[in-house]
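Residue numbers (the working numbering), protein chains in the order written: chain D, 6 to 190; chain V, 6 to 190.
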DNA sequence: TGTTAATTTAGTAGCAGGTGATAATAATGA
DNA sequence: TCATTATTATCACCTGCTACTAAATTAACA
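Pasting the structure below:
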């Protein structure tokens, strides 16, 4: 084993470690970190079977897209886009106000919002106005069912109602007005 | 509103929907799907604040790499219980609708709700009614400041207003009516 | 009907972050 | 010392954009 190939092997290890810590370094950045030329990095990547930046990023992104939302999210069961939709959410202790048996309303809100934007078929922040009524507080370990229904459509806005039920009892109701104008700050 | 801009608005919606289904389409693919030129797609993306493919992919990938988001939590800076409160939240890509520069409204709602319940000095889900107006969509990398103010108190309910600002501009406003009755389902 | 202004298309140059191939330049070990 | 191996430098090319300009199209209005 020559000294030179030992050096290279060490570099290979450092390369893997670097990419492990920050997977989205370009060849140029890697070259700088390891004090070698970009050409060498490319040879090393080829030798180690490491794909180029774009493919690395893409594969990670696809993983992300593949699985459902990780956050306490409702599962959408049925959608008739532009008409109505149904989703389900199981509550648990982690969703409650600390030290209580009361689910934070943000979870109900999020459940409703997700269903509404999906029902509308838009996905951006088109929500304009919402009026919300929490009829009954909900505890953990409940199966919540949300129903949305498009009530009216105008030139560039529409109105959607959502109700969330727990055991046939309506516990939350909201009216959303969405519109099509999207301008971020 | 002219017919042409209606056509465009419809195309914008279709564009959002397309990207919702498959967030990693190139401008060329989008153009083909919508039967317009690539130039038009670019204009639409600009108008809708949708970043280019690479950035969309990168942001998703970063989301994946980033720690499990606990639910973008606002930091409460100052509270005068029963009177008013201030909190701060920094937005990022992980809070946006996938493939866009628009923060999901649930984050604004949650920020507001947290501040309101803290301001009220109650800790359970006492929210009864909320009316919400999203004035301007917000993008990532913004510093949001929420201010709450107790407006009135009655026997067992009170009214609290919250506004969220981005660079002095009000982007969200809500009125909450809280009450003291807590009965879980 | 013709004019105007919004909308869409087309085409240019340039950039980032790559790929491949080829040639030049070390460093090493027999 | 010379052949071998490792590294670097260069060149042309690719994709998916941005940024810009110019032309073509078309709805709306007078």
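Each residue gets a CB set at the ideal place from its N, CA and C atoms; glycine is no exception.
If you're wondering where the values come from, they're calculated on a predicted model, not measured in any experiment.
Closer than 9 Å at the beta carbon, the chain D residues around residue i
i: residue 138 of chain V; result: 133, 134, 135
Listed by chain order, chain V residues near residue i by CB distance under 9 Å
i: residue 118 of chain D; result: 109, 110, 111, 114
i: residue 63 of chain D; result: 29, 62, 66
Neighbourhood of residue i by C-beta, 6 Å cutoff - its chain only, sequence neighbours within 5 removed
i: residue 152 of chain D; result: 91, 168
i: residue 171 of chain D; result: 143, 147, 149
i: residue 177 of chain D; result: 113, 139, 169
i: residue 31 of chain V; result: 58
i: residue 164 of chain V; result: 156, 157, 182
i: residue 94 of chain V; result: 79, 116, 149
i: residue 188 of chain D; result: Note that residue 188 of chain D scores 36 on pLDDT, short of 50, meaning its location in the model is unreliable; the coordinates nonetheless yield the value given after this. Closer than 6 Å at Cβ, skipping near neighbours: no residue.
Residue nearest to residue i in terms of C-alpha spacing, selected from the options
i: residue 96 of chain V; options: V:36, V:144, V:184, V:27; result: V:144
i: residue 157 of chain V; options: V:94, V:27, V:184; result: V:184
i: residue 133 of chain V; options: V:83, V:31, V:79, V:180; result: V:180
i: residue 86 of chain D; options: D:178, D:154, D:159, D:174; result: D:154
i: residue 84 of chain D; options: D:36, D:120, D:78; result: D:120
i: residue 166 of chain D; options: D:135, D:126, D:69; result: D:135
i: residue 69 of chain D; options: V:174, V:126, V:36, V:103; result: V:103
Euclidean distance between Cα positions of residue i and residue j
i: residue 99 of chain V; j: residue 10 of chain D; result: 43 Å
i: residue 13 of chain V; j: residue 46 of chain V; result: 11 Å
i: residue 6 of chain V; j: residue 15 of chain V; result: Any reading at residue 6 of chain V needs caution, since the residue's pLDDT is 47, under 50, leaving its predicted position unreliable; the model's value is listed next. In a straight line, the C-alpha of residue 6 of chain V is about 13 Å away from that of residue 15 of chain V.
i: residue 89 of chain V; j: residue 124 of chain V; result: 6 Å
i: residue 41 of chain V; j: residue 105 of chain D; result: 55 Å
i: residue 66 of chain D; j: residue 67 of chain V; result: 8 Å
i: residue 44 of chain D; j: residue 34 of chain D; result: 12 Å
i: residue 26 of chain D; j: residue 78 of chain D; result: 29 Å
i: residue 122 of chain D; j: residue 159 of chain D; result: 16 Å
i: residue 174 of chain D; j: residue 36 of chain V; result: 47 Å
i: residue 137 of chain D; j: residue 82 of chain V; result: 27 Å
Contacting residues, own chain, Cβ-Cβ under 8 Å from residue i (five flanking each side not counted)
i: residue 29 of chain V; result: 58, 61, 62
i: residue 107 of chain V; result: 54, 101, 142, 143, 144
i: residue 162 of chain V; result: 133, 182, 183, 184, 185
i: residue 64 of chain D; result: 56
i: residue 126 of chain D; result: 86, 87
Residue i: contacting residues in chain V (beta-carbon distance under 8 Å)
i: residue 14 of chain D; result: None at all; the shortest Cβ gap to chain V is about 27 Å.
i: residue 126 of chain D; result: 18, 22
Residues near residue i by beta carbon distance below 7 Å, same chain, minus five either side
i: residue 38 of chain D; result: 23
beta-carbon residue i near the ligand NAP non-hydrogen atom, thresh 7 Å
i: residue 116 of chain D; result: No copy of the ligand NAP occurs in the structure displayed, which carries no ligand at all.
contact_flag[the segment 13-26 of chain V, the segment 38-52 of chain V] where n(CB pairs < 8 Å) is 3 or more: The segment 13-26 of chain V makes contact with the segment 38-52 of chain V, as at least three CB pairs between them are under 8 Å.
At least three beta-carbon pairs within less than 8 Å, the segment 109-122 of chain D to the segment 103-112 of chain V: Touching, yes.
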